[in-house]
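Peer 1:
What follows is the structure in structure tokens.
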């Protein structure tokens, strides 16, 4: 379900992706057939100066390396992030998988690495930087771990774009839907196979319908779409989040065209709201 604080938000969609030493030399001239004591001293001074410059350059390189190490210091693995207490500061590195919204210099983003995924809620972000956050872009994020109705996220965050790229493939979690293990994949890009469309509610005439505008049917075209699907006798509610996939997208149209009894495959992000509530980005007829 969309957070209350986002109800007035309008989404901007874009799919877009983004840091010194000096050297010097010296020479000594000598005249005549011999070398004087002054010449020898000058040469020694020059050599000493060159050695000092070499040492300084080496120190500069070491400082640069240390600065790079310091920048990565404190970055958590996904396992460390998952184990961290709520309301503690966390720093992670991950790759943008989808952008949900931008509003008043705040961005909401799905990010993932090879081990897990993150929901970055209302992260400080200029519109210019938002356009750089194309799918696969690597970012370093510092914020606070929080939870809202079961959804674990990072809030009050800042970020920087760093070198690297990764786009996750959808992980099939169909067989995990009824298991406690499913939550371990929260916020990841996942797929569901062979799910049957069930009635989501009824229209004004009392007829069963395959989807609702908003969770209770009180919405209109352009709002979130809610629909029910079943597998092995269990029924689940899935959502097309309108900030993530608005009414102009293929998935929005596909859900509006569903009929009860259709068997479908889906992809999306494993969002959580009082239980599993995936944000679906793709719906196709089951293969």
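In our numbering, the protein residues as written are -14 to 272. Ideal Cβ positions, reconstructed from N, Cα and C, are used throughout, including at glycine.
Could you tell me whether any non-hydrogen atom of the ligand FMN is closer than 7 Å to the CB of residue 192?
Peer 2: This structure does not include the ligand FMN; it has no bound ligands of any sort.
Peer 1: Within 10 Å of its beta-carbon, does residue 269 have 16 or more other beta-carbons around it, so buried, or fewer, so exposed?
Peer 2: With fewer than 16 Cβ atoms within 10 Å of its Cβ, residue 269 is classed as exposed.
Peer 1: Is residue 258 near residue 145, with beta carbons less than 8 Å apart?
Peer 2: no
Peer 1: My parser needs the beta strand (DSSP E) runs of 3 or more residues fully inside the stretch 59 to 84; what are they?
Peer 2: none
Peer 1: If you measure between the beta carbons of residue 255 and residue 171, is that distance less than 8 Å?
Peer 2: yes
Peer 1: Round the Cβ separation of residue 261 and residue 221 to the nearest angstrom and send it over; I've been treating them as touching at under 8 Å.
Peer 2: Contact holds; Cβ gap of about 6 Å.
Peer 1: Please state if the CB of residue 109 and the CB of residue 143 are separated by a distance shorter than 8 Å.
Peer 2: yes
Peer 1: Rounded to whole angstroms, what is the Cα-Cα separation between residue 239 and residue 212?
Peer 2: 12 Å
Peer 1: Compute the beta-carbon to beta-carbon distance between residue 78 and residue 147, rounded to the nearest angstrom, for a pair I have assumed lies under 8 Å.
Peer 2: That pair is a contact at about 7 Å.
Peer 1: Could you check where the beta strand (DSSP E) with residue 95 kicks off and where it finishes?
Peer 2: 91 to 97
Peer 1: For a quick check, are the C-beta atoms of residue 75 and residue 68 less than 8 Å apart?
Peer 2: no
Peer 1: Within 10 angstroms of its Cβ, does residue 252 collect 16 or more other Cβ (buried), or is it exposed?
Peer 2: buried
Peer 1: For residue 158, which of helix, strand or coil comes out of DSSP?
Peer 2: coil
Peer 1: How many Å lie between residue 189 and residue 207 at the Cα?
Peer 2: 19 Å
Peer 1: Note down the Cα distance separating residue 264 from residue 226, rounded to an integer number of angstroms.
Peer 2: 6 Å
Peer 1: When the Cα atoms are used, what is the spatial distance from residue 65 to residue 174?
Peer 2: 20 Å
Peer 1: Look at residue 128 and residue 141 and say whether their C-beta atoms are less than 8 Å apart.
Peer 2: Yes, the pair counts as a contact, with Cβ atoms nearer than the cut-off.
Peer 1: Give me the Cβ distance between residue 223 and residue 214, rounded to the nearest whole Å; I'm assuming they're in contact under 8 Å.
Peer 2: 6 Å
Peer 1: Which one of 123, 245, 151 has the shortest CA to CA distance from residue 185?
Peer 2: Relative to residue 185, the option among 123, 245, 151 whose CA is nearest is 245.
Peer 1: Can you say whether residue 266 is buried or exposed, counting buried as having 16 or more other CB atoms within 10 angstroms of its CB?
Peer 2: Residue 266 comes out buried.
Peer 1: Determine the DSSP secondary structure at residue 105, reduced to helix, strand or coil.
Peer 2: strand
Peer 1: Whose C-beta lies closer than 6 Å to the C-beta of residue 124 among residues of the same chain, with five residues either side of it excluded?
Peer 2: Answer for residue 124: 144, 146, listed in chain order.
Peer 1: Pick out whichever of 119, 177, 103, 202 has its Cα sitting closest to the Cα of residue 272.
Peer 2: 177
Peer 1: What does residue 187 pair with, by DSSP beta-bridge criteria?
Peer 2: 193
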